[in-house]
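Anchor point for the sequence shown: position 100 equals 359 in this note's numbering, and the numbering is continuous, going up by one each time.
Backbone N, C-alpha and C define an ideal beta-carbon position, used for all residues, glycine too.
Working notes, structure below.
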Amino acid sequence: MRTVQTPEAKLAYARNYMRSTGVIDPALADRYAPPMARSDFTTAAAYLREDLLSDNRAELAAATIPIWEIAPYYAPSDRPGSTAEDKVSYYRKLLGAAPHVTVVPIQPSKHFVMLDQPGPFADTLHRILADLPA
């Protein structure tokens, strides 16, 4: 049986997600929850399922381009006792097979780093673009 999501229920879910996982500032969460709630949850769930069931780490060894990972870190919502360096190490381990990996921590930030830390995110993006081969 399929559950029908009302617009109100989708908005409540989106607001909760954005406040708990998405961003640090509740005002930002409330600003970005409505567009998130308008997304197609079925399509998003199908994409997420496909993503979570895929493990392409072995293929990373063949990567010929630089791989950059932006690692958000926010101590109050991360694993107790973990540090930003722990998060960087975790991502380096996941991407270990790739020949050219750079992991950049941006803190304090949750999942949507570009919203929590737009300045450091933009600076990192400029570094990434400058690093690309001509």
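D284 versus D375, A389 and H385, residue with shortest Cα-Cα distance:
For the purposes of this step, residue 284 is taken as residue 25 along the sequence shown, with counting starting at 1. Checked all of D375, A389 and H385; the closest Cα to D284 is D375.
Per DSSP, which one or two residues make a beta bridge with V372?
Along the sequence shown, one-based indexing puts residue 372 at 113. Partner(s): none; V372 has no beta bridge.
Helix, strand or coil for A339? Go by DSSP, reduced to three states.
Locating residue 339 in the sequence shown gives position 80, where the first residue counts as 1. Checking the displayed sequence, the identity of residue 339 turns out to be Pro instead of Ala. Assigned with DSSP and collapsed to three states, P339 falls in coil, not helix or strand.
Do the region 344-351 and the region 300-320 meet, that is, are 3 or more Cβ pairs less than 8 angstroms apart?
As far as the Cβ criterion goes, the region 344-351 does not touch the region 300-320, which means the pair count is below three.
Taking P364 as part of the beta strand (DSSP E), name the residues at either end of that continuous run.
As a working mapping, residue 364 is identified with position 105 in the sequence shown. DSSP places P364 inside the beta strand (DSSP E), whose first and last residues are V360 to I365.
Rounded distance between the beta-carbons of A271 and R278, thought under 8 angstroms:
Counting from one through the sequence shown, the residue named residue 278 turns up at place 19. Counting from one through the sequence shown, the residue named residue 271 turns up at place 12. Actually they are not in contact, since the Cβ atoms of R278 and A271 sit about 11 angstroms apart, beyond 8 angstroms.
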